[in-house]
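To start, the structure itself, in structure tokens.
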């Protein structure tokens with residue numbers, strides 16, 4: 001009994017336990033190792049999902065070890081979650097290999113002291129060879145590989161961005177590396193598909209990509225799990241709340257909006273594949289017939305180019321580009337905006353539409369890839385990828401009725417609560433972990 005209680009407290013005795021005996025003795029309590037190239041303070045889509053999943057699993061009593069890339073900043077503290085930072089080579093794409101090797105060394109060290117029950121590898125930001133997968137499965141624990149998109153998909157997005165005239169498609173070293181070397185690094189994704197106990201794509205579109213271009217075996221164990229969002233942070237505006245009304249008026253005043261002016265919002269990294277050039281060209285058309293102001297929030301090197309494009313289009317007085325905001329500010333922007341626009345050329349899933357929907361704000365996004373798995377005409381609108389005309393028409397259509405915007409916002413919130421929650425992610429992944437362990 002003492003040994004059992006020690007394990008529940010996170011104190012392991014490797015001389016007495018192995019994975020099988022731990023599973024028999026403790027049943028529900030697992031030691032889960034997260035291998036993720038992004039983790040706060042790197043707040044990207046992957047970093048956010050791994051942070052929230054780790055938090056939920058730890059709150060349920062599980063022990064979480066996150067192995068991530070080293071950073072000069074300190075990760076946020078979560079009870080029950082230990083974060084270990086490892087070295088990595090700061091080269092485009094090759095960092096996934098150097099980080100992957102460092103992570104496996106650290107994983108081996110951790111397992112020798114505190115036996116790991118399951119390894120959750122987050123691809124494609126960590127690249128393991130077939131031999132490394134086999135070693136992990138043989139010496140440590142079964143591997144569950146989450147596919148947060150693919151390198152070939154990223155390359156497709158950059159190709160589309162170039163085709164449709166996005167600025168600076170050759171300016172970012174990482175983007176250049178992806179365009180020329182995605183095929184080389186795709187082989188490590190193939191290793192994940194071939195050697196993982198369970199593969200978990202974050203959308204049906206990603207699963208289709210794996211099946212069509214990555215030689216997925218016919219008998220693979222593959223389960224799609226869409227990532228959810230924080231429905232406690234991203235909440236709708238309360239119309240009868242004095243505080244919410246004051247904040248709405250404050251933000252609208254900041255951007256100089258009239259009482260009837262619609263606030264349109266786009267959130268996302270200022271990078272070529274995010275489609276901000278297309279958005280500005282479409283907004284220039286829609287602005288001729290709608291009273292609206294566009295705010296773009298995102299960090300990146302394209303801010304100057306996008307501001308110059310807005311000036312050439314004659315809409316600079318109706319466009320504001322913010323270089324970055326804190327989470328609370330972004331959540332406020334979501335809930336007081338009238339419409340969120342997400343014109344990305346490629347996503348493995350895409351969390352920003354869900355954050356907007358959770359905030360009670362309808363979304364216009366592309367009719368391509370995974371986005372239609374979350375967004376349809378009942379919660380916003382879809383436009384033809386790369387088409388200025390289609391996007392401008394969607395903006396005008398959605399902007400034509402405030403009653404429709406409010407109704408779609410309510411439906412979007414309900415959809416997220418039903419299908420895209422953090423609690424749901426934790427339960428779904430626990431089921432996958434146990435299936436992997438039982439194989």
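Numbering (my numbering), first residue to last: 1 to 439. Heads up, the beta-carbon is just placed ideally off N, CA and C, and yes, glycines get one too.
For residue 159, the closest of 370, 340, 346, 145 by C-alpha to C-alpha distance is 346. Per DSSP, residue 123 is one residue of the beta strand (DSSP E) stretching across 118 to 123. When the five nearest sequence neighbours on each side are left out, the beta carbons in the same chain lying within less than 8 Å of the beta carbon of residue 262 are those of 290, 291, 292, 293, 338, 339, 399, in order along the chain. When DSSP states are grouped into helix, strand and coil, residue 357 belongs to the helix group. By the CB criterion at 8 Å, residue 39 and residue 86 fall outside the cutoff.
DSSP lists 65 as the beta-bridge partner residues of residue 82. Taking one beta carbon from each stretch, the segment 425 to 435 and the segment 213 to 230 have 3 or more pairs nearer than 8 Å; the two touch. Per DSSP, reduced to three states, the secondary structure at residue 429 is helical. Per the Cβ contact rule, the segment 270 to 285 is in contact with the segment 384 to 394 (3 or more Cβ pairs under 8 Å). DSSP places residue 111 in the uninterrupted alpha helix (DSSP H) bounded by 94 to 113.
Contact between residue 152 and residue 35 does not hold, since their C-beta atoms are separated by about 21 Å, which reaches or exceeds 8 Å. Around the beta-carbon of residue 76, fewer than 16 other beta-carbon atoms lie within 10 Å, marking it exposed. If you draw a straight line from the Cα of residue 411 to the Cα of residue 193, it is about 36 Å long. Straight-line measurement puts the Cα of residue 59 at about 21 Å from the Cα of residue 74. Residue pairing by DSSP puts residue 322 in a beta bridge opposite 297. Pairing residue 123 with residue 189 gives a Cβ-Cβ distance under 8 Å.
The beta strand (DSSP E) runs lying completely inside the segment 179 to 255 and spanning 3 residues or more are 198 to 201, given in chain order. Ranked by Cα distance from residue 227, the first of 246, 208, 204 is 204.
Annotation for residue 275: no alpha helix (DSSP H) segment contains it, and DSSP assigns it neither H nor E. Excluding the 5 residues flanking it on each side, residue 45 has same chain C-beta neighbours closer than 6 Å at 351, in chain order. Ranked by Cα distance from residue 202, the options 402, 332, 369, 183 are led by 369. Contact check for residue 320 against residue 214 fails: the beta carbons are separated by 8 Å or more.
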